[in-house]
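Since the structure comes first, as structure tokens, the remarks are kept for the end.
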Amino acid sequence: MLTRKGFLGVAALMAATALGAPIALAQNDQQVVVDGARKVLADLRHDKAFGNARQLVRQAKAVLIVPKLLKGGFIVGGEGGNGVLLAQHHGRWSDPAFYALGAASFGLQAGLEQSEVILLIMTQKGLDGVLRDEFKIGAQAGISVATLGSGVEGAIGGASPPDIVVWSSSTGLYGGLTLDGSVIRAEPNKDSTFYGRTVTSHDVLFGRLESPRGAALRRELNSIG
Numbered sequence: 000m001l002t003r004k005g006f007l008g009v010a011a012l013m014a015a016t017a018l019g020a021p022i023a024l025a026q027n028d029q030q031v032v033v034d035g036a037r038k039v040l041a042d043l044r045h046d047k048a049f050g051n052a053r054q055l056v057r058q059a060k061a062v063l064i065v066p067k068l069l070k071g072g073f074i075v076g077g078e079g080g081n082g083v084l085l086a087q088h089h090g091r092w093s094d095p096a097f098y099a100l101g102a103a104s105f106g107l108q109a110g111l112e113q114s115e116v117i118l119l120i121m122t123q124k125g126l127d128g129v130l131r132d133e134f135k136i137g138a139q140a141g142i143s144v145a146t147l148g149s150g151v152e153g154a155i156g157g158a159s160p161p162d163i164v165v166w167s168s169s170t171g172l173y174g175g176l177t178l179d180g181s182v183i184r185a186e187p188n189k190d191s192t193f194y195g196r197t198v199t200s201h202d203v204l205f206g207r208l209e210s211p212r213g214a215a216l217r218r219e220l221n222s223i224g
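Numbering that gives the first Met the number 0 puts the first residue of the sequence shown at 0, with every later residue one more than the last.
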């Protein structure tokens with residue numbers, strides 16, 4: 000016979016299970032994004048369109064990686080995807096902070112429904128812009144954006160390199176993606192769920208947080224340069 004104490008214990012266990020399941024599911028969803036980001040980094044090491052831009056990774060202030068940029072994937076009638084932002088300090092990469100990239104319409108080539116995207120944030124001005132709430136590409140005066148193709152030297156040459164360099168690939172081919180008008184948005188709730196405690200995007204990027212959950216992605220990023 001189940002006593003009152005036993006009943007309360009079972010009820011507490013059921014409640015904890017019910018509450019824990021959504022958290023575990025959310026963590027798994029975010030792990031899929033992190034694992035996808037690792038795959039994107041592995042892909043670009045073998046993609047000729049990335050060219051000599053591997054050296055940009057060593058110079059970048061931060062990188063935003065979106066493993067799957069989808070048509071209709073952000074809001075109804077819009078496009079976008081989930082990604083991670085990592086910042087670099089003196090050659091050391093931070094853990095991933097979760098961000099979303101979305102727009103009413105991206106400049107994908109005809110027939111392309113999905114793309115891998117990396118934003119190489121080359122200057123402090125570019126990073127400061129991305130860290131603003133809902134930063135809109137192309138709408139911020141003084142922040143320049145270049146799309147990276149096989150002619151990488153042309154994209155980064157000159158006395159004033161772009162603040163942000165965009166690389167995209169669709170099924171291993173250069174996608175020619177245009178991001179003007181798209182919005183970059185921090186998702187601190189996902190950060191807190193992923194790391195198991197309340198954190199902000201700033202904590203993850205600049206608070207010297209080093210979690211085993213981000214170690215593999217950091218190693219992959221270090222292998223690019």
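Ideal Cβ positions, reconstructed from N, Cα and C, are used throughout, including at glycine.
Please read these numbers as outputs of a predicted model, since none were measured by experiment.
Tell me which same chain residues have a C-beta within less than 7 angstroms of the C-beta of Pro160, skipping the five on either side of it? By 1-based counting over the sequence shown, the position of residue 160 is 161. Excluding residues within five positions, the ones whose Cβ falls inside 7 angstroms are Met121.
How about Leu204 and Ala61: do their beta carbons lie closer than 9 angstroms? Translated into the one-based positions of the sequence shown, residue 204 becomes position 205. Translated into the one-based positions of the sequence shown, residue 61 becomes position 62. The answer is yes: Cβ separation under 9 angstroms.
Cross-strand partners of Gly137 (DSSP beta bridge): As a working mapping, residue 137 is identified with position 138 in the sequence shown. Answer by DSSP bridge pairing: none, since Gly137 is not bridged.
For Asp202 and Arg37, I'd like the C-alpha separation in whole angstroms. By 1-based counting over the sequence shown, the position of residue 202 is 203. By 1-based counting over the sequence shown, the position of residue 37 is 38. Cα-Cα distance, rounded: 22 angstroms.
Taking DSSP's pairing of strands, which residues face Ile117 in a bridge? For this step, residue 117 is matched to residue 118 along the sequence shown. Beta-bridge pairing links Ile117 to Ile64, Trp166.
Where do the ends of the alpha helix (DSSP H) carrying His201 lie? Translated into the one-based positions of the sequence shown, residue 201 becomes position 202. That run of the alpha helix (DSSP H) goes 200-205.
Thr192 burial status per 10 Å Cβ neighbour count (16 or more: buried): Your numbering for residue 192 matches position 193 in the sequence shown. So Thr192 counts as buried.
Give the DSSP-derived three-state secondary structure of Ile40 in the structure shown. Position 41 of the sequence shown, counting from 1, holds the residue named residue 40. Just to set this straight, residue 40 is Leu in the shown sequence, not Ile. In the structure shown, Leu40 sits in a helix (DSSP, three-state: H, G or I).
Using DSSP with H/G/I as helix, E/B as strand and the rest coil, what is Ala59? Locating residue 59 in the sequence shown gives position 60, where the first residue counts as 1. It is coil, neither helix nor strand.
My guess is that Leu118 and Val182 are in contact by the Cβ rule of under 8 angstroms, so how many angstroms apart are they, rounded? Locating residue 118 in the sequence shown gives position 119, counting from the first residue. Locating residue 182 in the sequence shown gives position 183, counting from the first residue. Actually they are not in contact, since the Cβ atoms of Leu118 and Val182 sit about 13 angstroms apart, beyond 8 angstroms.
Find the nearest neighbour of Pro66 within the set Arg57, Trp92, Val116, judged by alpha-carbon distance. The residue labelled residue 66 in the question sits at position 67 within the sequence shown. Checking every option, the nearest Cα to that of Pro66 belongs to Val116.
Would you decide whether Ala215 is buried or exposed? Buried here means 16 or more other CB atoms lie within 10 Å of its CB. As a working note, residue 215 is residue 216 in the sequence shown. Exposed, since its Cβ has fewer than 16 Cβ neighbours within 10 Å.
Taking C-alpha atoms, which residue in Ala86, Gln123, Glu186, His89 lies nearest to Val32? Reading the sequence shown from its first residue, position 33 is the one you call residue 32. Among Ala86, Gln123, Glu186, His89, the Cα nearest to that of Val32 is on Glu186.
Taking Gly141 as the reference, give the member of Val198, Arg131, Asp162, Arg196 with the closest Cα. Taking the sequence shown and counting its residues from 1, one reaches residue 141 at position 142. Among Val198, Arg131, Asp162, Arg196, the Cα nearest to that of Gly141 is on Asp162.
List the endpoints of the continuous beta strand (DSSP E) containing Thr146. Counting from 1 along the sequence shown, the entry for residue 146 is found at position 147. Segment 144-146, the beta strand (DSSP E) holding Thr146.
Give me the DSSP bridge partner(s) of Gln87. Numbered from 1 along the sequence shown, position 88 holds the residue referred to as residue 87. Looking at the DSSP assignment, Gln87 forms a beta bridge with Trp92.
In whole angstroms, what separates the C-alpha of Thr197 from that of Leu43? Here residue 197 is taken as the residue at index 198 of the sequence shown, counted from 1. Here residue 43 is taken as the residue at index 44 of the sequence shown, counted from 1. Going by the C-alpha atoms only, they are around 33 angstroms apart.
Compute the Euclidean distance between the alpha carbons of Lys135 and Asp179, then round it to the nearest angstrom. Taking the sequence shown and counting its residues from 1, one reaches residue 135 at position 136. Taking the sequence shown and counting its residues from 1, one reaches residue 179 at position 180. Going from the Cα of Lys135 to the Cα of Asp179 covers about 8 angstroms.
Going by DSSP, name the residue or residues bridged to Phe97. For the purposes of this step, residue 97 is identified with residue 98 of the sequence shown, where counting begins at 1. Val83.
Whole angstroms is fine: what's the gap from Arg57's alpha carbon to Gly90's? As a position in the sequence shown, residue 57 is number 58, starting the count at 1. As a position in the sequence shown, residue 90 is number 91, starting the count at 1. Roughly 7 angstroms separates the two Cα atoms.
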